[in-house]
Ligand SMILES: [Mn+2]
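Numbering (our numbering), first residue to last: 39 to 402.
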């Protein structure tokens, strides 16, 4: 029904027209916009397996700014704790590895056939960060209920100024575009909740995370600064060195032990936490008695590691399985090494069972 229908109804209370209009506009994709996005997606997909050209050859800076404005409105329309229903696949760090992101799509399926939630760190380190975010933004505008994009610690100006994205913007379009991206990143949701039971974020837990509303109530746009809930959601790491909270070796935020994970599951009434933020050799690592999963979704991270990529699949019953993409063989001269375990079970038998775990996990 169109917003104009309200004026035809007699007897029923009229909904304020402006509010209705706004909801309708954001919830559906205008056919012209859908056509435009389909064309953008097609042009971006043309960069897969074709490194002779880059995004500058298929998209102008003006078009990118228009897409940024559209997608940031969608982000603001979502809750900062963005809610989705299973079945869904959860994807970890991409770090500007656009070619590997597309190989991953070949394996796990594409939007809209698959529903995906990304945990952030789209840019920096790799060569094609603008390509990665633009493809994901176009998919978000086109199919907003089939793809969810959370914010990573690299979607902050103090980080992506230094680790590659700033220079990439400068070289490809000029630094002005870098500022437009920051405005958009400041509006991205910072956590996700799947079927009310699986909490997702880029980094991890926070001593300030008392209820899920604490996340919902974070005002946006926002820029995480040096400490606090925003920083922890994007930066904290699990550890197997103890039960509680520890100073982080990163020099920012905290590390948290199994006891913190168990307590959070109880008080937040969730079954599982899925986070990204650290490279793991198999692309996934389970810890804290399978209450917490780290997922990392590009292989051969930075060409410095021999890691595989993985995604977490949650079926309609919230049973877990993994899809894994093995790294391509490296030349013998490559200096890449295996990624270290980060917080696996200190009991060796449990750690081995977790590592070999690829079958659906049924909650005890
Ligand atoms: Mn990260």
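Built from N, CA and C at the ideal position, the CB exists for glycine as well.
Everything numeric in this text was worked out from a predicted model, so none of it was measured.
Query	Result
Buried versus exposed call for residue 297 [16 or more other C-beta atoms within 10 Å across all chains shown]	exposed
Residue closest to residue 286, alpha-carbon to alpha-carbon, out of 243, 189 and 194	243
Reduced DSSP category for residue 62 - H, G, I as helix; E, B as strand; rest coil	Residue placement at residue 62 is flagged as unreliable, the pLDDT there being 46, under the threshold of 50; the coordinate-derived value follows with that caveat. Residue 62: helix per DSSP, three-state reduction.
Residue range of the unbroken alpha helix (DSSP H) whose run includes residue 196	195-198
Residue 204 vs residue 216 beta-carbon contact at 8 Å	yes
Residues sharing a beta bridge with residue 331, DSSP	312 and 324
Expected contact under 8 Å - CB spacing of residue 291 and residue 131 to nearest Å	About 17 Å; that fails the 8 Å criterion.
Local conformation of residue 208 per DSSP, three classes	helix
Element boundaries [alpha helix (DSSP H), containing residue 160]	Segment: none, residue 160 is in no alpha helix (DSSP H) and carries neither H nor E.
8 Å Cβ cutoff met for residue 240 and residue 189	yes
Nearest residue (CA-CA) to residue 353, options 82, 281, 96 and 125	125
Distance cut-off 7 Å: residue 190 Cβ against heavy atoms of ligand 1	yes
Cβ-based burial, residue 198 [other Cβ within 10 Å; buried from 16]	buried
Cβ separation of residue 195 and residue 261, assumed to be a contact under 8 Å, to the nearest whole Å	7 Å
For residue 343 and residue 376, the rounded distance between their alpha carbons	5 Å
Enclosing beta strand (DSSP E) for residue 221 [first to last residue]	It is not in any beta strand (DSSP E) - residue 221 instead sits in the alpha helix (DSSP H) that spans 214-223.
Contact test: residue 275 Cβ vs ligand 1 heavy atom, cutoff 7 Å	no
Coil, strand or helix - residue 292 by DSSP	strand
Beta-carbon spacing of residue 120, residue 186 below 8 Å	yes
Nearest neighbour of residue 12, chosen from 226, 245, 250 and 246 [CA to CA]	A query on residue 12 cannot be resolved here, the shown segment of the chain reaching from 39 to 402 and no further.
Reduced DSSP category for residue 402 - H, G, I as helix; E, B as strand; rest coil	Unreliable placement is indicated for residue 402, whose pLDDT of 29 sits below 50; the coordinate value is still reported in the next sentence. Residue 402 falls in the coil class under three-state DSSP.
Alpha-carbon to alpha-carbon, residue 123 and residue 165	33 Å
Start and end residues, alpha helix (DSSP H) containing residue 67	No alpha helix (DSSP H) holds residue 67; DSSP gives it neither H nor E.
Cβ neighbour criterion (16 or more within 10 Å) applied to residue 100	exposed
For residue 362, three-class secondary structure by DSSP	strand
Same chain, Cβ closer than 6 Å to residue 278, neighbours up to 5 away in sequence not counted	381 and 384
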